[in-house]
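Heads up: the sequence shown runs through residues 16 to 274, numbered per this note's numbering.
Cβ coordinates follow ideal geometry from the N, Cα and C atoms, glycine included.
All remarks here apply to the structure that follows.
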Amino acid sequence: MTTPLYWHTEGQGYDLILIHGWGMNSQVWKNLLPSLTPHFRVHCVDLPGYGFSQPSDDRTLDQVAHSLLSNSPQRAIWVGWSLGGLVASKVALLAPERVAGLVTVASSPRFAAEHGWRGIKPEVLEAFTEQLSEDFQTTVERFMALQAMGSPTARQDIKWLKEAVLSHPSPQPEVLQAGLNILADADLRPHLREISMPWLRMYGRLDGLVPVKVAQELDILAPQSQRQIFANASHAPFISDPQHFTQELLAFCGQCLPS
């Protein structure tokens with residue numbers, strides 16, 4: 016059964032929202048819940064058109080952010096992985112009064128590489144677009160392999176991501192295409208200094224999609240933020256190094272709670 020926007024909620028305490036990345040669903044956070052739910056009321060969402068959330072005309076970054084705001088707690092700590100980090104950042108810009116703290120995981124304000132900026136090469140995104148129309152299942156699997164590449168636990172990481180994806184209904188190809196468009200076109204760099212709430216940026220040192228050099232660039236573009244780099248992780252540090260990831264996340268979230 017699908018719903019307009021599917022949320023899995025469990026735990027007690029202050030609200031904590033977790034947003035998955037491209038091609039994935041809310042199940043990717045499953046292994047973190049036992050550590051988070053004793054401290055927070057955790058909300059894991061399937062983005063519009065993903066998993067158990069119904070297909071939607073909300074396809075742009077602004078539209079997706081507004082969709083989540085319309086269906087989420089009045090105030091929460093927002094955590095977004097990869098594409099989800101872009102969504103969470105947009106939420107923080109649109110409705111700062113709703114965001115007690117922002118955490119972006121293996122995410123970038125500008126995913127596509129361009130002159131002087133590191134990121135995913137435009138031809139790689141274009142290739143995914145072409146492959147998507149032919150065989151979207153294989154395209155998503157290739158993207159999973161890219162996300163885990165470089166991690167010492169790459170084989171285990173890919174297995175976990177596949178299990179998460181297969182546990183929920185597959186996203187529609189047009190929704191995946193819209194996500195690729197966001198990754199290719201979105202650029203929040205000019206607005207980063209407007210993010211006023213506590214903000215933690217988390218990276219994997221071995222990440223091939225969001226190079227760790229981006230972290231250094233953002234130290235300049237967003238000096239009000241904090242950063243954490245996981246030495247033995249690639250694009251999914253919460254899967255490669257869940258214990259260390261959870262420890263750092265809980266420590267930061269503790270700073271965001273009302274006194």
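- Judged by their CB atoms, residue 60 and residue 41 are nearer to each other than the 7 angstroms cut-off.
- DSSP links residue 217 through a beta bridge to 120, 243.
- With respect to the 7 angstroms criterion, residue 260 and residue 219 are not classified as neighbours on the basis of their beta carbons.
- By the neighbour-count definition (other C-beta atoms within 10 Å, threshold 16), residue 215 is a buried residue.
- If the five residues before and after residue 226 are omitted, its C-beta is found closer than 8 angstroms to the C-beta atoms of 133, 134, all from its own chain and listed in chain order.
- Taking the Cα of residue 36 as reference, the smallest distance to any Cα among 96, 63, 21 is reached at 96.
- In this structure residue 183 is not in contact with residue 38, their Cβ atoms being roughly 11 angstroms apart against a cut-off of 8 angstroms.
- DSSP places residue 134 in the coil class of the three-state scheme, outside both helix and strand.
- A residue is called buried when at least 16 other Cβ atoms come within 10 angstroms of its Cβ; residue 162 meets this threshold and is buried.
- The three-state reading of DSSP puts residue 36 in coil, since its state is none of H, G, I, E or B.
- Positions of the beta strand (DSSP E) runs, each at least 3 residues long and wholly inside the region 160-196, cannot be given because no such run exists.
- With a 10 Å radius around the Cβ and a threshold of 16 neighbouring Cβ atoms, residue 91 comes out buried.
- In the three-state scheme derived from DSSP, where H, G and I count as helix and E and B as strand, residue 90 is classed as coil.
- Look at residue 31 here: in three-state DSSP terms it is strand.
- For residue 106, the enclosing alpha helix (DSSP H) covers residues 98-109.
- If you look at residue 81, you'll find it isn't in any beta strand (DSSP E); it sits in the alpha helix (DSSP H) that goes 76-85.
- Taken through DSSP and simplified to helix, strand or coil, residue 250 comes out as coil.
- For residue 229, the uninterrupted alpha helix (DSSP H) segment begins and ends at 228-236.
- DSSP, read as helix, strand or coil, puts residue 115 in strand.
- Here residue 120 is actually not in contact with residue 267; their C-beta atoms are around 11 angstroms apart, not less than 8 angstroms.
- The Cβ-Cβ distance between residue 34 and residue 102 falls below 7 angstroms.
- For residue 24, DSSP records a beta bridge to 58.
- The beta carbon of residue 271 lies closer than 7 angstroms to those of 92, 115, 116, 213 in the same chain, with the five residues before and after it left out.
- By the neighbour-count criterion, in which a residue is buried when 16 or more other Cβ atoms sit within 10 angstroms of its Cβ, residue 63 is buried.
- Going by beta carbons, residue 99 and residue 55 fall outside the 7 angstroms limit.
- DSSP places residue 269 in the helix class (H, G or I) of the three-state scheme.
- Taking C-beta separations shorter than 8 angstroms and ignoring five residues to either side along the sequence, the partners of residue 239 in its chain run 208, 210, 211, 214, following chain order.
- In this structure, residue 203 keeps its C-beta atom at 7 angstroms or more from the C-beta atom of residue 111.
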